[in-house]
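A.B. asks:
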Amino acid sequence: MRRYLVLNPNIFNLIAIIDLIGICDTITINETYLPELLMDKLPILNSNTVPNFKTITKQNFQGLRNVNEDVHLNITQLLIKYNYPVEQHEVITSDGYIVTMFRIPSKGPPVFLMHGLLCSSDDFLTAGPDSGLAYLLSDAGYDVWLGNDRSNKHSKRHITLSPHNKEFWDFSFDEIGRYDLSAMIDYVLQITGRNNLQYIGHSQGTTTVFILCSERPEYNEKISVMIALAPSAWISHIRSPSYILLSAYTSILKELSQALGLYEILPRNLLLDTIIKISCGTPATAKMFCNNILFFLYGYDYAQINVTNLPVIYAHYPSGAAIKQLLHYLQEIQSGKFCQYDYGPKINLNKYGTIQPPDYPVERITTKVALMYSDNDLIATRTDIETLVRKLPNIVKFYRVPFKKFNHMDFLFAKDVKKLLYNRIVDLLYEYSQIENYKSFI
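Counting in UniProt numbering, the sequence shown runs from 1 upward without gaps.
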């Protein structure tokens, strides 16, 4: 009482510890293993925590020393570590989903970043403060808002539905565009008091904004410029062998997922975390296993790998998605169209009034659009992007990344992405910031 001014001594707040921790001990009291009690209280558990002293080798200690601590930090901890302010915001969509946004606040114009399929807001940060797009935009003076769709690890909530119910997962990227994006954009404009914002989307983050501005054209006035990285609308000329193969079995995959009660792809859970720690937990294993899988899916580019940062990337990616999102893309590969989800003739007729799902009217997109693509992108190919170019009425930039092997995921993680792409993005944003002297808000 005299020392602490309370009857019992204060309890240490172990949850506040965010540094990398290795636990090596075999102490037990009354058959209770003490390190387990400690690990239950710590927010960061890593694959290099050694539960039994007898298992420790020189390699264990060497691996522990070489691990980048960013592997164990969440998005807010990453921003705090690198001395950036951060806010977390929750937004309820008109159909009841609760989506999460992160903000790096500034007095400058708002810029909204939207991720792709299986991705999250984290992927604009995991390349680090020297290369991560969100960091660079904040350094340039922008008020950075990072969106998350209803399917990934940061959201997955609803005011009445549970993610354990199949009804929760009854959405494709169509609903993400119509409801998630519209709710988040309106929220950003409300909080900032601005009339419009600048938008940067990657992959599915371009699909969804094309849908929003096509189907709800009033949002064209709310986006001063739309920058589409690896723009994905028409995708029938996709070159990824895995997606081509899957598209041939779209109907079977749909029936199989329903029969097995599987409605989510690669959810971020204990099982996936364990697999990733084993196969991607060190630079060597990540380069050998995880990166080769991504290369097979999205295009090979060994030259742009930052090997030491690979465990950080895979600690945050993938972040989950709905099966229906994937099925919608597979349908588009088969149909050669950019259209709404195909439920079959009977349901289509009830839902759309037509036997075939309607095309998205992208000619209604009147806001300024910058399209940025690469030659080695197996998903967003130049042939398909040229179809988009012919239909969009207000393209202000059509930019090819000047690196032959630059692939679909290099737009986020490439070693030289700042020099090859991001510096040009910042210049483009300044051009359309609607201010006379863009440096005035830095």
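Heads up, the beta-carbon is just placed ideally off N, CA and C, and yes, glycines get one too. These figures come from a predicted structure and were not determined experimentally.
(1) I need the DSSP call for V91, collapsed to helix, strand or coil.
(2) Kindly indicate which three-state DSSP category Y399 falls into: helix, strand or coil?
(3) According to DSSP, which residues form a beta bridge with P110?
(4) So M184 is in the alpha helix (DSSP H); what residue range does that whole segment cover?
(5) Going by the beta-carbon positions, is the gap between S155 and T100 smaller than 8 angstroms?
(6) Apart from the five residues on each side of it in sequence, which residues of its chain come closer than 7 angstroms, Cβ to Cβ, to E363?
(7) When the Cα atoms are used, what is the spatial distance from Q190 to P217?
(8) Ignoring anything shorter than 4 residues, give me the alpha helix (DSSP H) runs that lie fully in the region 225-274, in order along the chain.
(9) Helix, strand or coil: how does DSSP classify Q198 here?
(10) Would you say P361 faces chain C, with C-beta separation under 8 angstroms as the test?
(11) Out of Y142, A233 and T383, point me to the one whose CA is closest to I365's CA.
(12) What three-state label does DSSP hand M409 in the structure shown?
(13) Roughly how many whole angstroms lie between the Cα atoms of N292 and R400?
(14) In this structure, how does DSSP classify Y422 when only helix, strand and coil are distinguished?
(15) Report the residue from L330, R103 and A284 whose alpha carbon sits nearest the alpha carbon of Y142.
(16) Count the C-beta pairs between the region 118-130 and the region 240-247 that are closer than 8 angstroms, then say yes if the count reaches three, no if not.
(17) Nearest to Q356 by alpha carbon, out of N306, V71 and F338?
(18) Out of curiosity, what's the CA-to-CA distance linking S257 and L327?
(19) Is H164 buried or exposed, if buried means 16 or more other CB atoms sit within 10 Å of its CB?
(20) Would a C-beta distance cut-off of 8 angstroms place L420 and K397 closer than the cut-off?
(21) Could you tell me the distance, in whole angstroms, from the CA atom of C213 to the CA atom of A140?
(22) Strictly by DSSP, which residues pair up with T282?
(23) What residue ranges within the region 354-404 form continuous alpha helix (DSSP H) runs of no fewer than 4 residues, ordered along the chain?
(24) Give me, in chain order, the residues of the same chain whose beta-carbon lies closer than 7 angstroms to that of F61; leave out the 5 immediate sequence neighbours on both sides.
(25) Between E215 and R178, what straight-line distance do the alpha-carbon atoms span, to the nearest angstrom?
(26) From this set, P85, P109 and N148, which residue's C-alpha is nearest Y97's C-alpha?
(27) What are the boundary residues of the beta strand (DSSP E) that Y329 is part of?
C.D. replies: Taking the definition as stated:
(1) Within the sequence shown, residue 91 is the residue found at index 91, counting from 1. V91: strand per DSSP, three-state reduction.
(2) In the sequence shown, the residue the question calls residue 399 occupies position 399. Strand at Y399.
(3) Position 110 of the sequence shown, counting from 1, holds the residue named residue 110. Note: P110 sits in a beta bridge opposite D143.
(4) On the sequence shown, position 184 is the one that residue 184 refers to. First-last of the alpha helix (DSSP H) with M184: S182 to T192.
(5) The count along the sequence shown starts at 1 and reaches residue 155 at position 155. The count along the sequence shown starts at 1 and reaches residue 100 at position 100. Contact flag set, yes.
(6) Position 363 of the sequence shown, counted from the start, is the residue given in the question as residue 363. Setting aside the 5 residues that flank it on each side, E363 is surrounded in the same chain by K391 and P393, each with a C-beta closer than 7 angstroms to its C-beta; the list follows chain order.
(7) In the sequence shown, the residue the question calls residue 190 occupies position 190. In the sequence shown, the residue the question calls residue 217 occupies position 217. Per the coordinates, the alpha-carbon of Q190 lies some 19 angstroms from the alpha-carbon of P217.
(8) Listed in chain order, they are 241-247 and 250-260.
(9) In the sequence shown, the residue the question calls residue 198 occupies position 198. Note: Q198 maps to strand in three-state DSSP.
(10) Any reference to chain C falls outside this structure, which holds one protein chain only.
(11) In the sequence shown, residue 365 corresponds to position 365, counting from 1. Between I365 and the set Y142, A233 and T383, the nearest pair of CA atoms involves A233.
(12) What you label residue 409 is simply residue 409 of the sequence shown in a count that begins at 1. DSSP places M409 in coil when its eight states are reduced to three.
(13) To locate residue 292, count along the sequence shown from 1; it is residue 292. To locate residue 400, count along the sequence shown from 1; it is residue 400. If I take the Cα positions, the gap works out to 24 angstroms.
(14) For the purposes of this step, residue 422 is taken as residue 422 along the sequence shown, with counting starting at 1. Y422 falls in the helix class under three-state DSSP.
(15) Sequence index remark: in the sequence shown, residue 142 carries index 142 (1-based). Each of L330, R103 and A284 was checked against the Cα of Y142, and the nearest Cα belongs to R103.
(16) These segments do not touch.
(17) Walking along the sequence shown from the start, residue 356 turns up at place 356. Here the closest residue by C-alpha is F338.
(18) Position 257 of the sequence shown holds residue 257. Position 327 of the sequence shown holds residue 327. Roughly 10 angstroms separates the two Cα atoms.
(19) By 1-based counting over the sequence shown, the position of residue 164 is 164. Exposed.
(20) Working through the sequence shown from its first residue, we reach residue 420 at position 420. Working through the sequence shown from its first residue, we reach residue 397 at position 397. Their beta carbons are not under 8 angstroms apart, which means L420 does not touch K397 by this criterion.
(21) What you label residue 213 is simply residue 213 of the sequence shown in a count that begins at 1. What you label residue 140 is simply residue 140 of the sequence shown in a count that begins at 1. The alpha-carbon of C213 is positioned some 27 angstroms away from that of A140.
(22) Translated into positions along the sequence shown, residue 282 becomes position 282. Under DSSP, T282 forms no beta bridge with any residue.
(23) DSSP runs (the alpha helix (DSSP H)) wholly in the region 354-404: 382-391.
(24) Along the sequence shown, read from residue 1 onward, the residue named residue 61 stands at position 61. Residue placement at F61 is poorly supported in this model, since its pLDDT is 46, which falls under 50; the coordinates are not used for a value here.
(25) Numbered from 1 along the sequence shown, position 215 holds the residue referred to as residue 215. Numbered from 1 along the sequence shown, position 178 holds the residue referred to as residue 178. One C-alpha to the other measures close to 8 angstroms.
(26) Mapped onto the sequence shown, residue 97 falls at position 97. Considering only alpha carbons, the answer is N148.
(27) Residue 329 sits at position 329 when you count from the first residue of the sequence shown. Premise fails: Y329 lies in the alpha helix (DSSP H), I323 to S335, not in any beta strand (DSSP E).
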